[in-house]
Amino acid sequence: MSAGRRILALHLGVLAALLVLQFALPPYHHTNVARILVLAGYAIGYNVLLGYTGLMSLGHAMFFAAGMYGAGLPVYYFGVGAPLAFALGLASGIGLALVFGLMALRTSGPSFLIVSLMFGQALFLTLLYFNDVTLGDQGFILSAKLAPLELGGRPLGFHEPGVKYNVALAIFAACLAAALALRLSALGRVLIGIRENEERTRLLGYDSFRYKLVALGVSGALASAAGAGYALLFSYVGATFASILFSIYPLLWTLLGGVGTVLGPLLGTALMFYLVDTVSGVTSSYLLFVGAALVALVLWFPQGILGTVRSRWLPWLP
Amino acid sequence: MAAVAPLLATQALSKHFGGLAAVREVSLEIQPGEIRAIIGPNGAGKTTLVGMICGRHVPSSGRIIYRGSEITALRPWQRLRLGIAYTFQVTSIYKGLTCYENVALPAQRALMRGFVSRLVPGETAVAQRVRAALDAVGLADLAGQRADELAYGHQRLLELAMALATGPQLLILDEPTQGLAEGEIAALCALLRRVAEQATVLLIEHNMQVVLALARRVTVMDAGEILAEGTPAEIERDPAVQKAYLGR
Ligand SMILES: Nc1ncnc2c1ncn2[C@@H]1O[C@H](COP(=O)(O)OP(=O)(O)O)[C@@H](O)[C@H]1O
Ligand SMILES: [Mg+2]
Numbered sequence: 040m041s042a043g044r045r046i047l048a049l050h051l052g053v054l055a056a057l058l059v060l061q062f063a064l065p066p067y068h069h070t071n072v073a074r075i076l077v078l079a080g081y082a083i084g085y086n087v088l089l090g091y092t093g094l095m096s097l098g099h100a101m102f103f104a105a106g107m108y109g110a111g112l113p114v115y116y117f118g119v120g121a122p123l124a125f126a127l128g129l130a131s132g133i134g135l136a137l138v139f140g141l142m143a144l145r146t147s148g149p150s151f152l153i154v155s156l157m158f159g160q161a162l163f164l165t166l167l168y169f170n171d172v173t174l175g176d177q178g179f180i181l182s183a184k185l186a187p188l189e190l191g192g193r194p195l196g197f198h199e200p201g202v203k204y205n206v207a208l209a210i211f212a213a214c215l216a217a218a219l220a221l222r223l224s225a226l227g228r229v230l231i232g233i234r235e236n237e238e239r240t241r242l243l244g245y246d247s248f249r250y251k252l253v254a255l256g257v258s259g260a261l262a263s264a265a266g267a268g269y270a271l272l273f274s275y276v277g278a279t280f281a282s283i284l285f286s287i288y289p290l291l292w293t294l295l296g297g298v299g300t301v302l303g304p305l306l307g308t309a310l311m312f313y314l315v316d317t318v319s320g321v322t323s324s325y326l327l328f329v330g331a332a333l334v335a336l337v338l339w340f341p342q343g344i345l346g347t348v349r350s351r352w353l354p355w356l357p
Numbered sequence: 311m312a313a314v315a316p317l318l319a320t321q322a323l324s325k326h327f328g329g330l331a332a333v334r335e336v337s338l339e340i341q342p343g344e345i346r347a348i349i350g351p352n353g354a355g356k357t358t359l360v361g362m363i364c365g366r367h368v369p370s371s372g373r374i375i376y377r378g379s380e381i382t383a384l385r386p387w388q389r390l391r392l393g394i395a396y397t398f399q400v401t402s403i404y405k406g407l408t409c410y411e412n413v414a415l416p417a418q419r420a421l422m423r424g425f426v427s428r429l430v431p432g433e434t435a436v437a438q439r440v441r442a443a444l445d446a447v448g449l450a451d452l453a454g455q456r457a458d459e460l461a462y463g464h465q466r467l468l469e470l471a472m473a474l475a476t477g478p479q480l481l482i483l484d485e486p487t488q489g490l491a492e493g494e495i496a497a498l499c500a501l502l503r504r505v506a507e508q509a510t511v512l513l514i515e516h517n518m519q520v521v522l523a524l525a526r527r528v529t530v531m532d533a534g535e536i537l538a539e540g541t542p543a544e545i546e547r548d549p550a551v552q553k554a555y556l557g558r
């Protein structure tokens, strides 16, 4: 099999397995996996920036939240339908990413990290400040306001587990396809060049600022798609999703699964989701656990699971 | 000298780092098709000078003219697209990537003309270009090897392959023979002679054998200034050069 076919087969195989999985899962895990799929889309978006471009952000929750509120507020106030709401969420995320990028990408390394953190916090505080409009503090529920989708005359309500799962899978598949296409494209090659040696890349004829802006746009798009999807599928919109913890999560998921691998974010999200789920059943200080996991990963396991698999056994793994 | 329009000219080009004048009012003309060597002791300002030409450093004052147009304010990537390629004195390659990927980046850039190929420069065309560049420097067999696993001499050759893959009109080489073995130096000289059939070469070099073998004209720098310029024979006879640099 050629390298290209092997890569295609692997990723289609993963999607097919996820499609079949829904028939085998008990209800509790059914919802969990739907949640994991949407969050993995968020992590994939995060990985576009960290893994492919080498930019570490600590404010990515702002894009997730932009998608969430961009989709959720129009539903809540104007009864907008799900497809339009999703598009609005996506547009909010992309818009925010480009505005943020035009300012923040003048910096790099630790300064970029700090600037992203500040932007993320600013959005979080803004959501709380305009509480009258955003209801950020206590959050709000969408289910009563959201009209079901329709397929051939049959209504598909988002509360139905099958609908939830398959829409989540569709969002995840779109994020995965985008990341894989990017990784294998000419653009992806330039982003990796920037990650590995930015000055060299500039001297080879690439305007690195523009490329980083595109990467941020894609990253913001995927993160906000996940945010919009999360709001619509799980019916809740709240400012907690804009908090710093929600910026740290995708970093953690990506580190665990393998920075700069296409499938790593899914693996990391799933593992960490169930780990946190287990730990928080035992103790309420699961945040401490999250912090410890982060430190341990950075110190002893920087390549993550699939990064290690790639360097040991499967060099072709994208 | 024949009055051909120079390919590259610097006019009173200077660079200060804080209080230090690394390059002082250097005016230099390079004719199309020539191999020009710049020699001079460590700290003379050679790397800084070519750094301003390729866009790594912003000049403190002065102008750079390339093919009749001023490029002083152009960004590095814009200069590369005009055909100015640079290899670093301290090797600057993508250490974590394979030789193939190292050369694919410049090869792809050279093929990105027009809107469609900007998005998807055909991978076959990129691959051909990569192979040609790796072949030229004799690294074709190591295409799949990670760059940081190469011997130092091979890393320098890889960097040269990256520059060649851009299809340069002006190739600037900063001490390319540094760290190479005797045999590798001879091979490199032969390669540069072939490259010079299509491109102009600006070569910073310590090894006088290489300079004598390749360059038609030599520019001597010392303390940020041009001390002398002429044919290799003239330079060897020049009393100021003998005193300051050749030390005899
Ligand atoms: N980025 C820099 N910052 C400060 N000083 C520099 C920098 N680059 C070079 N210099 C100084 O400028 C002078 C010329 O350096 P350089 O151009 O590297 O000389 P050469 O290549 O001829 O050995 C040296 O004194 C060096 O220390
Ligand atoms: Mg030097």
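Residue numbers (this note's numbering), protein chains in the order written: chain F, 40 to 357; chain A, 311 to 558.
We treat Cβ as the ideally placed atom computed from N, Cα and C, and that holds for glycine.
Residue i CB to nearest heavy atom of ligand 1 below 8 Å
| i | result |
| --- | --- |
| V440/A | no |
| L338/A | no |
| P149/F | no |
| M422/A | no |
| V287/F | In the sequence as presented, Val is not what sits at residue 287/F; that position holds Ile. Checking every heavy atom of ligand 1 against the Cβ of I287/F, none is found closer than 8 Å. |
| F327/A | yes |
| M531/A | yes |
| K251/F | no |
| T357/A | yes |
| Q399/A | yes |
| A332/A | yes |
| G106/F | no |
| G372/A | no |
| G361/A | yes |
| G489/A | no |
| G307/F | no |
Contact list for residue i against chain A, beta-carbon separation under 7 Å
| i | result |
| --- | --- |
| G232/F | Y404 and L415 |
| A19/F | As shown, chain F starts at 40 and ends at 357. That puts residue 19/F outside it, with no answer to give. |
Element boundaries [beta strand (DSSP E), containing residue i]
| i | result |
| --- | --- |
| K325/A | L318 to F327 |
| L481/A | L480 to D484 |
| L190/F | L188 to L190 |
| D445/A | Looking at the DSSP string, D445/A is not in any beta strand (DSSP E); the run it does join, the alpha helix (DSSP H), is E433 to V447. |
| L144/F | Note, L144/F: premise wrong, no beta strand (DSSP E); not H, not E. |
| A56/F | Unbroken run through A56/F is the alpha helix (DSSP H), A42 to L60; no beta strand (DSSP E). |
| T397/A | I394 to T397 |
Beta-carbon neighbours of residue i, restricted to chain F and to distances below 8 Å
| i | result |
| --- | --- |
| R419/A | L243, G244 and Y245 |
| C364/A | L242 |
| R391/A | G244 |
| T476/A | L243 and G244 |
Contacts of residue i in chain A (Cβ-Cβ under 9 Å)
| i | result |
| --- | --- |
| T240/F | W387, Y404 and L415 |
| A218/F | Ordered by position in chain A, no residue passes the 9 Å Cβ test against A218/F, which lies about 17 Å from the chain. |
Proximity test, residue i beta-carbon vs ligand 2 heavy atom, cut-off 8 Å
| i | result |
| --- | --- |
| N352/A | yes |
| T541/A | no |
| E600/A | Beyond the ends of chain A as shown, which are 311 and 558, falls residue 600/A; an answer cannot be given. |
| I375/A | no |
| I514/A | yes |
Residues that residue i contacts on chain F, provided the C-beta gap is smaller than 9 Å
| i | result |
| --- | --- |
| M472/A | R239 and L243 |
Continuous alpha helix (DSSP H) stretch holding residue i: start and end
| i | result |
| --- | --- |
| I381/A | Careful: I381/A lies outside any alpha helix (DSSP H) and carries neither H nor E. |
| Y67/F | P66 to N86 |
| S350/F | G343 to R351 |
| Y410/A | C409 to L421 |
8 Å Cβ cut-off: residues of chain A touching residue i
| i | result |
| --- | --- |
| R228/F | E411, A414, L415 and Q418 |
| E235/F | Y404, K405, G406 and L407 |
| A161/F | Correct list: empty, because the minimum Cβ distance to chain A is about 31 Å. |
Contact set between residue i and chain F, taken where Cβ atoms lie within less than 7 Å
| i | result |
| --- | --- |
| Y396/A | L242 |
Does the contact criterion of 3 or more C-beta pairs under 8 Å hold for the segment 283–301 of chain F versus the segment 106–118 of chain F? no
Evaluate contact between the segment 87–106 of chain F and the segment 195–209 of chain F, counting only Cβ atoms and requiring at least three cross-stretch pairs below 8 Å. no
Uninterrupted beta strand (DSSP E) stretches inside the segment 251–306 of chain F (no shorter than 3 residues): Unbroken beta strand (DSSP E) stretches of 3 residues or longer found wholly inside the segment 251–306 of chain F: none.
Three or more C-beta pairs under 8 Å: does that hold for the segment 370–388 of chain A against the segment 496–507 of chain A? no
Can you check the segment 191–236 of chain F for any alpha helix (DSSP H) of at least 4 residues that lies completely inside it and give the ranges in chain order? Runs found: 200–223 and 225–235.
Complete alpha helix (DSSP H) runs within the segment 483–557 of chain A (minimum length 4 residues, chain order): Listed in chain order, they are 492–505, 518–524 and 542–547.
Residue ranges of each beta strand (DSSP E) within the segment 330–375 of chain A, 3 or longer: 330–340 and 345–349
Should the segment 232–248 of chain F be regarded as contacting the segment 406–416 of chain A, the criterion being three or more beta carbon pairs within less than 8 Å? yes
Are there three or more Cβ pairs, one per stretch, closer than 8 Å when the segment 303–317 of chain F is compared with the segment 257–273 of chain F? Output reads no: the segment 257–273 of chain F does not touch the segment 303–317 of chain F.
Between the segment 180–195 of chain F and the segment 271–283 of chain F, are three or more C-beta pairs nearer than 8 Å? Flag = yes, the segment 180–195 of chain F and the segment 271–283 of chain F touch.
Taking contact to mean at least 3 C-beta pairs separated by less than 8 Å, is the segment 526–534 of chain A in contact with the segment 329–338 of chain A? yes
Note down, one range per segment and in chain order, each alpha helix (DSSP H) of at least 4 residues found wholly within the segment 112–172 of chain F. Restricted to the segment 112–172 of chain F, the alpha helix (DSSP H) segments that are unbroken, complete and at least 4 residues in length are 121–143 and 149–168, listed in chain order.
Touch check for the segment 383–393 of chain A and the segment 453–464 of chain A: three-plus C-beta pairs under 8 Å? No: fewer than three Cβ pairs fall under 8 Å.
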